[in-house]
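These protein sequences, in sequence, are chains A and B.
The numbering used here applies: residue 402 is where the first sequence begins, and numbers increase by one.
The numbering used here applies: residue 31 is where the second sequence begins, and numbers increase by one.
Let me begin by presenting the structure, written as structure tokens, before commenting on it.
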Amino acid sequence: MNERKHAGIGRVLIAVYAVLAMAATGRSFVQIVQRFDEAPLAYSLSAVAAVVYIVATVALASPRDAWRRVALAAVCFELVGVLVVGTLSLVAPELFAHDTVWSRFGMGYLFIPAVLPFLGLWWLRASSERVPA
Amino acid sequence: MLAQAIAFAVIGATVAIIGLMKRPFNDFVLGAAALTLLALVVQAIASIVAPFTGAGPTGDLLEYWTYLLTALVIPPGAVLWALVDKKGQWSTLIVGIGILACAVMVYRMHQIWFVQIA
């Protein structure tokens with residue numbers, strides 16, 4: 402019973418990841434196609450973030466153990482990304498004059514990018530308790 | 031478009047709340063997703079026709095269509111997921127979140143089409 406519950410809530414998490422992955426991909430596609438030369442650093446970062454969200458979505462959705470590690474890596478990367486870029490965008494705004502998903506701790510996305518990694522880590526931990534690694 | 035965004039937000043929130051009450055996926059939820067998709071399709075057709083009547087977007091067309099095409103994928107995707115995962119008690123919530131995401135995207139499309147800050 403408990404196992405199914407975790408799997409269910411996990412599905413909601415995966416769905417939110419999927420939506421964010423699509424949003425980030427779409428946005429970085431537009432940024433890179435139209436004005437990559439304006440801010441190569443910020444827009445490359447956008448693209449990297451988008452790819453990591455896609456990887457995290459797929460990895461979280463997969464039941465296999467190998468993917469669990471990939472998911473953990475992707476989620477940690479996001480956590481570090483949102484914290485570092487979020488802080489830098491406030492402390493040194495001239496570095497990030499152009500927005501990325503992670504600017505100002507993901508404010509443009511209702512802070513979802515800042516909250517998701519924590520939920521992701523929690524879920525990975527909660528679901529690993531029933532599946533011994 | 032603004033009215034559409036608000037309508038999506040209301041529908042999405044309603045479906046999400048029903049989902050949180052752990053009601054299983056039903057015809058009402060399917061109808062809500064279908065209505066969202068229909069509204070988006072109408073918007074897409076209007077967006078193709080409007081520029082020919084001289085009422086084009088004030089903002090960036092590529093960005094607008096990227097949002098619109100992404101939004102069009104979400105309702106069918108969420109429903110497909112719900113149908114595959116019939117036993118899942120969270121399918122309704124997923125559809126609700128999907129519609130809410132559409133609401134945010136339509137709001138952004140509204141800004142791109144009508145409002146220019148820069």
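All residues carry an ideal CB built from backbone N, CA and C; glycine is no exception.
Looking at the structure shown, is residue i part of a helix, part of a strand, or coil, going by DSSP?
{"i": "E404 (chain A)", "result": "Model confidence at E404 (chain A) stands at a pLDDT of 47, short of 50, so the residue's coordinates are unreliable and nothing is read from them."}
{"i": "P54 (chain B)", "result": "coil"}
{"i": "M139 (chain B)", "result": "helix"}
{"i": "V114 (chain B)", "result": "helix"}
{"i": "M31 (chain B)", "result": "coil"}
{"i": "A85 (chain B)", "result": "coil"}
{"i": "W503 (chain A)", "result": "coil"}
{"i": "S529 (chain A)", "result": "helix"}
Suppose the cutoff is 7 Å on Cβ atoms and the five residues either side in sequence are ignored; what does the same chain contact list for residue i look like?
{"i": "A448 (chain A)", "result": "S429 and I433"}
{"i": "L520 (chain A)", "result": "L414"}
Measuring straight from C-alpha to C-alpha, what distance separates residue i and residue j?
{"i": "Q141 (chain B)", "j": "Y418 (chain A)", "result": "24 Å"}
{"i": "S445 (chain A)", "j": "E439 (chain A)", "result": "11 Å"}
{"i": "I78 (chain B)", "j": "M51 (chain B)", "result": "40 Å"}
{"i": "L99 (chain B)", "j": "L484 (chain A)", "result": "30 Å"}
{"i": "M139 (chain B)", "j": "V502 (chain A)", "result": "18 Å"}
{"i": "I410 (chain A)", "j": "L461 (chain A)", "result": "12 Å"}
{"i": "V459 (chain A)", "j": "V72 (chain B)", "result": "32 Å"}
{"i": "Y97 (chain B)", "j": "N56 (chain B)", "result": "28 Å"}
{"i": "T66 (chain B)", "j": "W524 (chain A)", "result": "30 Å"}
For residue i, is the classification buried or exposed, using 16 other Cβ atoms within 10 angstroms of its Cβ as the cut-off for buried?
{"i": "T504 (chain A)", "result": "The sequence shown places Ser at residue 504 (chain A), not Thr. By the neighbour-count rule (16 or more Cβ atoms within 10 Å), S504 (chain A) is buried."}
{"i": "I36 (chain B)", "result": "exposed"}
{"i": "P494 (chain A)", "result": "exposed"}
{"i": "R412 (chain A)", "result": "buried"}
{"i": "A450 (chain A)", "result": "buried"}
{"i": "P464 (chain A)", "result": "exposed"}
First and last residue of the alpha helix (DSSP H) that includes residue i?
{"i": "D466 (chain A)", "result": "D466 to V492"}
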